[in-house]
Structures are given as structure tokens and as C-alpha cells.
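Chains as they are written, first to last, in the numbering used here: chain F, 5 to 619; chain A, 5 to 198; chain H, 51 to 309.
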């Protein structure tokens, strides 16, 4: 047979026709479709046994109670604990995805621990008498904080620094609340507590931008940017006109005289009648409270006038500690530290709360100071530090969470370790303790024992949703229950004195022309790190401003040569950070709204002056 | 001699038919042996075990499936018999605490939800109805897997040809639907899909 | 497709969402993504291409300055009970309405990605997978095995956390309860909402909270004029919020023609 091309085609044709009568092609088609569904491009969830574990969320000082659902030991989802006396079952958008943090792509995986230790030891060895070793603790009140305080006390020139602690708020006692830009619904305090207490008070939100809190408030006062102080002074004027209050500094009284309602109205853009009505409500529907995001002295003075101390502003005793710890250093005032005197600075931002702007710290550092920061990403103080040592993140370690600003009683609760941390992480308490020979391994248990011995308070156990007085809890059970997610809540001390509010020196009003915009930090309260899944509320819906984002009025943007989506630099006196620009005509002119995250949080607080420039 | 014009065509057709019917079923399936030569019969007879002693239901209704190593190690920490298979199992898996990577004959695709509890406890189905008489087998048969889709041969059904109206022990959707129809259960897509 | 067999006591699972209580926190959005294995966004994603089975919109009354009032409205698949638009248009019959639960179920593995249903849905509640899911390294371990992940090229949407319904049914079976009784369970968004703005339950059962709120005063539904019989009832005391429900879509009304 000759092999002609025609014969070849006939052969092929025959094969094709014959193949159609076999299962092969049909099966291959089905299999190809199935392959497209089973290929490794789509990861498959692992099966396994379901188990539940209780703990508390370590992302912010609220420390909301959490129930983790795990499959084969791997946490796959988190939910709140209904009936919890502090969090009332609430868990915020960040807490709900907290179990993703160990896998965050921006997470640091290794750091020069040995080098850092050597550098710190060398610097400590050469410490002059006038120089200090300082620890900056961004979430004070933890057991680790006590380790730092003990360490600094045992060093010759050790000082312990924290951001200024806000006065404790008893929200459930309030009937009228004036918030000067404080985001009560934006990760302030304990979300569940704010929601539970909300029914009982009228909320007046004074801020230039319509934040979520402004939407939920009873009245939103759209004041002009940076006029919060004018509003406070106008209200103080009206209140003091009715009834004088003792104990106010003379400088303040003089300022108040300069702000009759007409002036306040003109500065804030709010009608006189409305300011008068607000003052009336604050006075009539007591107890009242003023919450100021920026902690201005005028707001503090207004709280004194309103008689908030002892009612809505309270003193809170700290959870007991072992007697051996009582010689620990107390927090030093950063402003009182001499410039250029800090030779070694150790920053614990592994459990961040408030921020401390770098431009306040920087002048205190000596030349060639050794700065070590303990963090899970380089975004925060890592920009300025010599060494960034990676730490474990919240679901990987057991750590205690100090009470939030809106918890009138002390609380002691542990974040659960849902999975082991990776190798190469540094524990800041171990590192700092090792410098002075303190071993903090059993510190949490020791503190729990001190709490139990004090007999104070009660223990809420999530698995039974019941509170038991500490006295009635068996000694052996106390620590075990805490490890299983229980929360210890102190009794309110009936004899506690009202907090004495110090009214700091009145600020000199300067508006640097170089920084023409006023910051609206509506996202300031968001936890420093969040799951990558938060893109749902950021880019994928525009519900919130993403961490590396700023929002401004289109005219302001145009004036700086910016458009929607421009890459720009957000700059304050503290430094600058790369951001992406969003335009929003609802934002008043002269205001820039910032996203959350440590990159921006450490640069500024509320009402800082800033600018946004093209990069 | 003149070759008939249809010969190449016929040769091609016959070759394709032979390949498709005889060679293809062998080629499409990959055969693997289970990691341990386990005998259900021995455990059912000598150890007096029933299916759900090892393939158990948990209190919340989930099904444990193929038991994990700690179930086996509960008895086999030390050899209980004299076979070489058991010894190698203990040496390779129990002692180093290494989970055997069993091949799952009945593994359904990712998007299928099958509740053993509903079928066994409420439906009264016996294990043998779907999985065959595993309890009588003295060894585990080889596991055959479609090379392209990755599904077990048990899911498709043993014959390579599956006509829609024949159910020969496969575990495809048609097989589930046929049984559900027979018993008159209302069903909707999401009853069985996730 | 569905078939009838033994009679079951049909449930009509639905929700009552109190707009006056919604704070726009977004916990529902994140909890939904955690439960349903929705991956984080790809680089450069916008709110047009993101996958948010439940999405909270900010709406306002259109007034300027002092008269301006805003609210947050969570929008998810409304599980239309009548003339369900997506069911009508699907060429693959990859969507069905379950007669025993009222849930409109999408089967992504059957979908061929024509996106006709995305266009047909009046509530913009259907989402197309433009990309394969991309999980940061290791994060795929946190996926929920009760929900199957989807590949690119298929449409997906809320199914009232049917994985949780399966689990509740299985638990009921383990307790010996017959399959004919509706089970009580909670989808991820309702469980996560810190203010309890979202309530979920069988609307056929007059006793549960969702049913009571849905049939109570101040309850309305989105785009009632379309007569799709949605199962999501919204509650608000504010008239301008109720007026939004008849508007073309929540938000600033500006349609973007870019992708």
C-alpha cells in the first residue's frame, strides 16, 4: 500500500470517527472541565474536627471577648461572646478577622535580635550619669508593662515612658455627651459598651467631617476645622455666666471672656442659638461629659465646669500586682526629660494603643542613640529605629489586655494563643527583662495569683456566661479559667476619689502656613494591623478610608496638583508618609481625612496641621 | 493489487475503537496501593468491631471518616498479631507518630455537601449500600484515580462508560438524585452543594 | 432544578435590617468574607470589581451642610421570592429558588460566566470572579471547609450562609429531629453585627425576632415597585431613608462607566 497523503487523511478520518464511538473523547472533555475546577490554582479548605476556644482580642485595649472556631486546630473564624459584661457580644470588623494576622504579607519574619542585644548592652555599658535608658510602652497597664517598669527601676537611669493616659470614662453614667471629634463609633473604647450605653445619653458630635459617629449622633455640629476649642470656650462662657466654678486657672477665665456666644458662633460656623441650646442641655441633663480626641485643655476645663469628675470621669484602680513588683518605676513625663539625654530607647509597639508622635521623642534622643523597636511590621517606629525586632502577633501569644478608656473598673483578661508563633520572633518582655536579670516567664500567672488573693471583683466565664465573685473561685481554678478566656472585673471602689483634672497650659494658637490643612483623624482608632481581608471595607466598597489613604476636597487637591488616585506624601511636623489620594466633596475645604494604621498614626493626632504634596 | 479505498479508513477506525475501548480505560486511571495493608475482616471478626467503632459520628453530627492514627495507636501501640504488615505499620507510622496518607475511595468534589448523619441516622442507610461490603474484605483494594480530574474511580463508577439511566455503584450526582427521587425527597441545589 | 417530593414544612428565611441601628462599621462585610472563603482583593481592585456578598452603602438625604443626614444600608442578595430575575435569565440554570427554605442558591461550578444575572439583578447583589482567588501565603489555611471556594470566571452571591444551615441540619439529624422541620441558625453577618441591626429567621414563623420586625411598623423593602418579593426587610423611622428604597440605587447615584 502506498503511503499517500490521501491514505493518511483517510486513516486519520477513520480514527476520528472510530474514536467518537469510544468513551475516550467524551471522558476527556468531562475531565478537562473537572480539571478546571480541581486544579491547584484554587486552594481547598482542609477538613477536620471542629473545636471552640474562648479568649480575648488583643488588637486594641477594648479586649473584646472572642470565641474562636477551629478546624483541626486551625482557627477559621472568630465571633463575639454574647452576654459578656464588657463587650456585650460585640466584635468589630478587625476583630472578626484577627486570626489572619499571622499570615499578613507585610509581617516581618526575621530581625537582628543578637545584634540589637549587643548594641543595647554596649550602649548601656557606656551610659553616662546624665544619660537615660528609656522604654516607650505603647500599651501600658499590661503585665509586660510592669516588667518594663521593674527593669527601669533597677537600672540606674532607667525611665519608663507611655503616651498620656486618658482619664477613665464612665459612659453608662452619662446623660449628655459632647464629643469634639472623638470617634465613639470608630473604634473608641469598647464598641459593645458604647452601643450598650448609647440608649441612655444624647450624643452631640462636633467635627468638620461627617464620620460614622456623626451619622449616629443625635446632633452633628459641622464645625469649621480646628474650631473645637472655640466651641468649648463658647459653651464655658455661657455656663460660667450662669454660675461661677472654683479652681479654674486665671488664664482660662481670661480666655473664656474673649468668647461670648457671638464670637464662638462666628469661629465655629454654628448658630448662636444652637450653641446656647447645647450648653443648656449639658447643664440640665447631667451627668454630662466632654470627650476630646485631641485632649485639649479647654475640653478638660469644660469637664471641670460640668462637674464630670466623679460621675462620668472616674478614677480606676489598677488590677493588683504581686508585692514584689511594687518598687517598679512609674511613668515619667516625656516633656520633663532633658533633650539629648536618651541613649537607649526600647519601643514596645507589639500591642499598640495610643501613639506618641516621633517629633516629640526625637529631640530627647542623644546622638547615636540606639533605638530598638519591637513590632510586627516596619510601618510604625521602624522608620526611625536602628533595629526592628519582629514579635508574635495577637493570636499567637498569651498576653494580658489592660482595661479600655471606657471601663470604670479594672479588668484582667488574656488573649488566647490559637496557634504557635513562627521561629525568630522576639518577646520584648524577655528581651528587656534579660538586660537586668528579670525573668518574666511566670509574670502573668503571678499577677493572676495576686489578683485572686486580693479577693476583689468577679470572674466572668464565657463558657457558662456566668460571673462568680473572686472569693468563691477555687484557687486552682482561677488561673485555669483565665487561660480559658475568662475575664476578671474589679469591683468599683465606692470610696474612690474623683479624678483631679490637671488643666495643662493653654496652647498658643499657631497655624503654620506650611501646613495649611487640618487633620480629621476619623480612622485614628483602628487597630494598627488588620487582616488583608479588610480590603472588603476599604478598596472593595469604599466604606472606610484605607490605611495608606487620605481624602480631601477636590478644590484642595487641585490646588496641590493632585487627582483621585494620585500618589502623594502626607506631611506633618513629625515626618511624612506615602499615601494615595481620594477626592470627596463632602469633606470641607481645609481638612484632610486620614486613614488608620501606624504609618499615619505616629505622625499626627487629631487637629494636627498637615499638608499633602505630590510625590 | 488494488487496495480498497476504504482500507485506511477502516484500519484507522478499528485502531481507534481498540484504543478507546481497551487501552483508554487503563490509561486514564492511575493505580495506587494504600499505605498500609489493612484487613477489615480481621478487625471485624477478631476485634469484634463494627463500622462506627472507627468510622464514628461525633456528638455534633460530624463524621470522622477514615480514622486518624491515634485511633489505631490506641490498640496497636505494640504488635497484637504476627503479620509483617502490622509490624511495618507500627514501625513506619505508630512509633514515629506519622499519619498514614490514606487514599479516600469515596472523596467527593469540594463543592459537595454530604451528611453521613442524615443518611445513616435519619435515613437508616447501611454503610454497605454505598460503600460495598468493606467489612468482609481481607485487604484494601488498590485505589484508582482519574489522572486528569483527580477523582476516585468509585465516584464515576467502575465501568468507563456511564449512561445516564444506569446506576452501577457510582457516587456521582445522578446516583444521589436517582436515590432521592426514588424515596420522594424534595431537593434543591443547595441541599447538597456548598 | 428543584422537584417536589414529600411535603416539608417550608421555611422562608429572611432578614430584618434596622437601618437606624447600623453604624457602618463593616463587621458584617468582613465576617461574611471570613465565613465564605472570599479572598482579599487583588492589586488595584476598585469597588466595581470587588467581591462583597454583603455591602454597606452610605446614603444621604441629598441636602447640603446643616440639613444633611446620612445613614448606612447593608445590601445583600434579597433572595427574591417572585419572578426571581437571576433565575429567569441564567442560561445554565445555575440558580434556583429552594422551595423549602426560600433561599436563592447559586451553584458556581455550573456557572459559565456570562454575567447575565449580574446585569439582571436589580440590587447589584451578584459578584463575578474576575480572578482566581489569591491568598497571601499561609492564609489559605484559614478557609472554612463548610463552603467551597470558587475559581475565576463564575458568579457568586450570598446564600444566607448555607454552610451553617447544613451544619444546623446535620446537628438536628444527630439529635434525631426529622428533616421536615426548619432549623434555626444564624448567618455570619447577623452573628457579627455589633448593634444587632441584622436579625435573621424564618419569616413564616410569627414568633422570631426577624419576623416580628419585618411585619412591624416602619418596615419596607428595596425597590418594592419591581414586585420581586425580596426577603430582606429594612426598618427605619426616618422618611427620607424609606424614600431611598425606591431610588435607582443607594449611593450618590453617579454611575461609573469604567470597569
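We treat Cβ as the ideally placed atom computed from N, Cα and C, and that holds for glycine.
(message) Tell me which residue opens and which closes the alpha helix (DSSP H) that residue 11 of chain F is part of.
(response) 9–24
(request) Report the rounded CA-to-CA distance for residue 333 of chain F versus residue 157 of chain F, giving the unit in angstroms. (result) 5 Å
(message) Just verifying my parser: in three-state terms, what is the DSSP assignment at residue 215 of chain F?
(response) coil
(request) Could you name the residues that DSSP lists as bridge partners for residue 60 of chain F? (result) F/69
(request) Counting only runs of 3+ residues fully inside the region 113–162 of chain A, write out the beta strand (DSSP E) ranges in chain order. (result) 147–150
(request) On a CA-only basis, which of F/580, F/22 and F/37 is nearest residue 362 of chain F? Give me that one, please. (result) F/580
(request) Please list the partners that residue 83 of chain F has in chain H, where partner means a Cβ-to-Cβ separation under 9 Å. (result) The contacting residues are 81, 238, 241 and 242.
(request) Since I believe residue 179 of chain H is in contact with residue 206 of chain H (beta carbons under 8 Å), could you give me their beta-carbon distance rounded to a whole number of angstroms? (result) 7 Å
(message) Please confirm whether residue 33 of chain F has its beta-carbon closer than 9 Å to some beta-carbon of chain H.
(response) no
(request) Jot down the residue ranges of each uninterrupted beta strand (DSSP E) in the region 248–292 of chain H, minimum 3 residues, whole runs only, in chain order. (result) 248–252 and 282–285
(request) Could you pull the start and end residues of the beta strand (DSSP E) that residue 519 of chain F belongs to? (result) Careful: residue 519 of chain F lies outside any beta strand (DSSP E) and carries neither H nor E.
(message) Please tell me whether residue 401 of chain F and residue 426 of chain F are closer than 9 Å, where the distance is taken between their beta carbons.
(response) no
(message) Strictly below 9 Å CB to CB, what residues from chain A border residue 21 of chain F?
(response) 13, 16, 17 and 20
(message) Determine whether the beta carbon atoms of residue 643 of chain F and residue 405 of chain F lie at a separation below 9 Å.
(response) No answer is possible for residue 643 of chain F: it lies beyond the span of chain F, which begins at 5 and ends at 619.
(message) Taking 9 Å as the threshold (C-beta atoms), are residue 544 of chain F and residue 97 of chain H in contact?
(response) yes
(message) Less than 9 Å between the beta carbons of residue 492 of chain F and residue 447 of chain F, yes or no?
(response) no
(message) Taking the straight line between their C-alpha atoms, what separation do you get for residue 59 of chain A and residue 28 of chain A?
(response) 35 Å
(message) Can you look up residue 78 of chain A in the DSSP assignment and give me helix, strand or coil?
(response) helix
(message) Which of the three DSSP states is assigned to residue 47 of chain A in this structure?
(response) helix
(request) Answer with yes or no whether the minimum CB distance from residue 215 of chain H to chain A is below 9 Å. (result) yes
(request) Starting from residue 304 of chain F, trace the alpha helix (DSSP H) both ways and give me its first and last residue. (result) Unbroken alpha helix (DSSP H) run through residue 304 of chain F: 301–310.
(request) Tell me, please, whether the region 33–41 of chain F touches the region 367–384 of chain F by the rule of three or more beta-carbon pairs shorter than 8 Å. (result) With the rule of 3 Cβ pairs closer than 8 Å, the region 33–41 of chain F does not count as touching the region 367–384 of chain F.
(request) Could you list the residues in the region 113–147 of chain A with a C-beta less than 7 Å from some C-beta on chain H, going in chain order? (result) 114, 115, 117, 119, 121, 122, 125 and 126
(request) Answer yes or no: do residue 614 of chain F and residue 519 of chain F have a C-beta to C-beta separation smaller than 9 Å? (result) yes
(request) Find the residues of chain H that neighbour residue 183 of chain A, judging by a C-beta separation of less than 7 Å, and give them in chain order. (result) Chain H residues near residue 183 of chain A: none, gap ~12 Å exceeds 7 Å.
(request) Output the boundary residues of the beta strand (DSSP E) element that contains residue 365 of chain F. (result) From DSSP, residue 365 of chain F is part of no beta strand (DSSP E) but of the alpha helix (DSSP H) over 362–365.
(message) Under DSSP, the beta strand (DSSP E) around residue 86 of chain A begins and ends at which residues?
(response) Looking at the DSSP string, residue 86 of chain A is not in any beta strand (DSSP E), and its letter there is neither H nor E.
(request) Please work out which residues of its chain come closer than 7 Å, Cβ to Cβ, to residue 600 of chain F, disregarding the five sequence neighbours upstream and downstream, and give them in chain order. (result) 527, 528, 530 and 551
(message) In whole angstroms, give me the CA-to-CA distance for residue 154 of chain H and residue 231 of chain H.
(response) 19 Å
(request) Would you mind telling me which residues of chain A sit closer than 8 Å to residue 36 of chain F, beta carbon to beta carbon, in chain order? (result) 152
(message) Could you tell me the alpha carbon to alpha carbon distance between residue 70 of chain F and residue 103 of chain F, rounded to whole angstroms?
(response) 11 Å
(message) Could you compute how far the alpha carbon of residue 70 of chain H sits from the alpha carbon of residue 209 of chain F?
(response) 17 Å
(request) Taking residue 418 of chain F as the reference, give the member of F/464, F/393, F/409 and F/374 with the closest Cα. (result) F/464
(message) Please tell me whether residue 53 of chain H has its Cβ less than 9 Å away from any Cβ of chain F.
(response) Any answer about residue 53 of chain H is weak, because its pLDDT of 42 lies below 50 and its placement is not dependable; what the coordinates show is given next. False, the Cβ-Cβ gap to chain F never drops below 9 Å.
(request) Compute the distance between the beta-carbons of residue 608 of chain F and residue 525 of chain F, then report whether it is under 9 Å. (result) yes
(request) Taking all protein chains shown into account, decide if residue 372 of chain F is buried (16 or more other Cβ within 10 angstroms of its Cβ) or exposed. (result) exposed
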